[in-house]
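For the sequence shown, numbering that gives the first Met the number 0 begins at 0 and goes up steadily by one. I have placed the structure first, in the form of structure tokens, so that the comments after it can refer back to it.
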Amino acid sequence: MNLKRFTSFALAFILCFTLAPVNASALASESGTVKNGYYNDSGQWVEGELQQTLPDGIHSVNKTAMPKGDNTYDVTLEVVTKQKIEQLSPKSAMVLVADTSGSMNDDSRLKMFQNSSDKLIDTYAGDGENSGRYLAIVQFSTGANVVLNWTDVSTAEGKKSAKDAINNLRANEGTNLQAGLKMATSLYKSDTVKDITKENKDTVVITDGAPTYYLEKCSGGLITWFHKHVVIDGVTYDEEGSGSSGSQTINERTAQEATTLKNESTVYTVCYGAQNDYTYKKGPKVSEFLQQNIASSDKTALIATDASAIEKVFEVIAESVVSGITGENLTVTDGSAPFVKVSGLPADISQGENGFTWKLQNATTEEKDGETYYTYQLKYTVQLDADNADFKEENWYPLNGKTELNMPDGKKVKFPIPAAQGTKTRYTVTYTDGVDGEEVFKDKVFENCITGSKTPDYGETPVRDGYTFKGWSPEIEDTVTKTVVYNATWDLNLIDLNVAPVINATDKVL
């Protein structure tokens, strides 16, 4: 290989390692630094310190980023709590609506219900003292009444009161499910629980047969003296129905009442030993009626085929209710952001189009000033896609999207969001004459050419004595994508030797 050609190849080789790509620290004094900020209510990232009041039990939340170079950052999510997340619990409210009609005496149903309800109460109460686990109990037969008003069963006294109220239930008369549902709806209007969100309100309805009564507003008059009445929210209702059989009217009134209750809470139903009974002739079965009209969803409609199954059903309900009001499944959602690529997540966490979800687990503990702190951390890596055509080096970009801790009561705790600038890759473009042994023109070198930018032009047509400029090799790309050396190519200007010479002479006589 001759000297000039060797020099061209050597120059390209050296530039690949020394000038491409140029990293951020070589180009900008602020590159590699991180600014603190957060997403405001409009979803825009703003610089500054995040101000918010943390819920009870949450000591701090933080998101930090450490630069690694090449537009890459190590990100750490951290949540520090003052108690185990399983104990993080908002206030909650539950109404137990119990059928105490005469048929509940059959097959010891009432007794089995009373025994099994202890486990439901214990699970719902949880382990945290005075945590605001409110319970009320409504019994319904021909009418309905509250046998336990709102009581915090997370206290020993409250738990005992609830169990005593259930053990004192007695079964008689007919089945006025509408009255029981209306009474439950009324309880949710109480000042004690009005600030509790619907997500943390649950109603458990247990019945062993078709509704046989419904409510009609009392019209007054002498004849009403002979009617049975129930008073709910100051309104007097007549108890209408035969008491021995159901009807379409009873079903419709009861279903309407359930719709109102479902606006206040999640409604669970337990069809207790009556799954094959019909609500009325040619009407739906009791289990179907409860599932389709009373329960909040198919998943909250359960069947206890007999007295022995009621304990298992209550266990399922208790687990479902409690899972929604403890921090056992506490999660952090970390959203996606433009120009940010995420990597290095644990195998059980996957990055989707809208980000990822992290379930808090495996805390480390620290004792400080007599308190125990539980720290949960997640580490991963992000890289700014600075070479994207729409990326602007002068802008600051949040290192991933809106990040929030999802509390059991549905509230969100915001994380601060670091932001950084990115530097596009730089390359070097060189034009050389491509001639060995002589210098036709000096190499023209363009350094720090931003990737994706227009390839710089040589600026003129090269000239070489005895040659015609043919073009550049390799062919010039429209935009800069790599460090490259463009060599001029030439065609030799040849003389045609086959052309007869022209002789200029004059005649001469000798």
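Glycine included, C-beta positions come from ideal geometry on N, C-alpha and C. Predicted model only: the values in this text are computed from it and were never measured.
Per DSSP, the bridge partner or partners of residue i
i, result
"residue 65", "73"
"residue 151", "133"
"residue 463", "466"
"residue 349", "In DSSP, residue 349 forms no bridge with anything."
"residue 379", "74"
"residue 510", "The displayed coordinates of the chain run from 0 to 509. Any statement about residue 510 would go beyond what the structure contains."
"residue 302", "270"
"residue 98", "139"
"residue 385", "Paired residue(s): none; residue 385 is not in a bridge."
"residue 145", "137"
"residue 355", "333"
Collapsed DSSP secondary structure at residue i in the structure displayed
i, result
"residue 493", "coil"
"residue 362", "coil"
"residue 178", "helix"
"residue 169", "coil"
"residue 503", "coil"
"residue 53", "coil"
"residue 192", "coil"
"residue 36", "strand"
"residue 92", "strand"
"residue 288", "helix"
"residue 256", "helix"
"residue 508", "coil"
"residue 261", "helix"
"residue 450", "coil"
"residue 83", "coil"
"residue 312", "helix"
"residue 483", "strand"
"residue 156", "helix"
"residue 184", "helix"
"residue 162", "helix"
Contact belief for residue i with residue j at Cβ below 8 Å, rounded distance in angstroms
i, j, result
"residue 399", "residue 331", "The Cβ separation is near 12 Å, so there is no contact."
"residue 173", "residue 235", "Actually they are not in contact, since the Cβ atoms of residue 173 and residue 235 sit about 19 Å apart, beyond 8 Å."
"residue 71", "residue 382", "5 Å"
"residue 432", "residue 461", "7 Å"
"residue 97", "residue 112", "7 Å"
Segment limits, beta strand (DSSP E) that includes residue i
i, result
"residue 333", "330–334"
"residue 406", "Where residue 406 is concerned, there is no enclosing beta strand (DSSP E), given that its DSSP letter is neither H nor E."
"residue 239", "234–239"
"residue 215", "213–216"
"residue 340", "339–342"
"residue 44", "44–46"
Residue i CB to nearest heavy atom of the ligand SAH below 8 Å
i, result
"residue 370", "Absence of the ligand SAH from the depicted structure is noted, as is the absence of any ligand whatsoever, leaving it without description."
Delimiting residues of the alpha helix (DSSP H) encompassing residue i
i, result
"residue 123", "108–124"
"residue 205", "Segment 200–206 is the beta strand (DSSP E) holding residue 205; no alpha helix (DSSP H) there."
"residue 231", "Per DSSP, residue 231 belongs to no alpha helix (DSSP H); it is in the beta strand (DSSP E), 228–231."
Next item on the list: Would you check if the region 88–104 and the region 198–213 touch, i.e. whether three or more CB-CB distances between them fall below 8 Å?
Entry: Yes: at least three Cβ pairs fall under 8 Å.
Next item on the list: Would you check if the region 429–447 and the region 357–368 touch, i.e. whether three or more CB-CB distances between them fall below 8 Å?
Entry: No, they do not touch.
Checklist line | Meets three-Cβ-pair contact criterion under 8 Å: the region 237–244 and the region 297–308 | finding: Flag = no, the region 237–244 and the region 297–308 do not touch.
Next item on the list: State whether the region 408–424 contacts the region 43–53, with contact taken as three or more CB pairs (one from each stretch) at a distance under 8 Å.
Entry: Below 8 Å, enough C-beta pairs join the region 408–424 and the region 43–53 to call them touching: three or more.
Next item on the list: Assess, as a yes-or-no matter, whether the region 343–358 is touched by the region 54–69 under the definition of 3 or more beta carbon pairs within less than 8 Å.
Entry: Between the region 54–69 and the region 343–358 there are fewer than three inter-stretch CB-CB distances shorter than 8 Å, so the stretches are not counted as touching.
Check: How about the region 65–83 and the region 118–125: do they share at least three Cβ pairs that are nearer than 8 Å?
Finding: Taking 8 Å as the limit for Cβ pairs, the verdict is that the region 118–125 does not touch the region 65–83.
Note to self: If contact is defined by three or more beta carbon pairs under 8 Å, each pair taking one atom from either stretch, is the region 139–157 in contact with the region 182–190?
What the structure shows: Between the region 182–190 and the region 139–157 there are three or more C-beta pairs closer than 8 Å, enough to call the two in contact.
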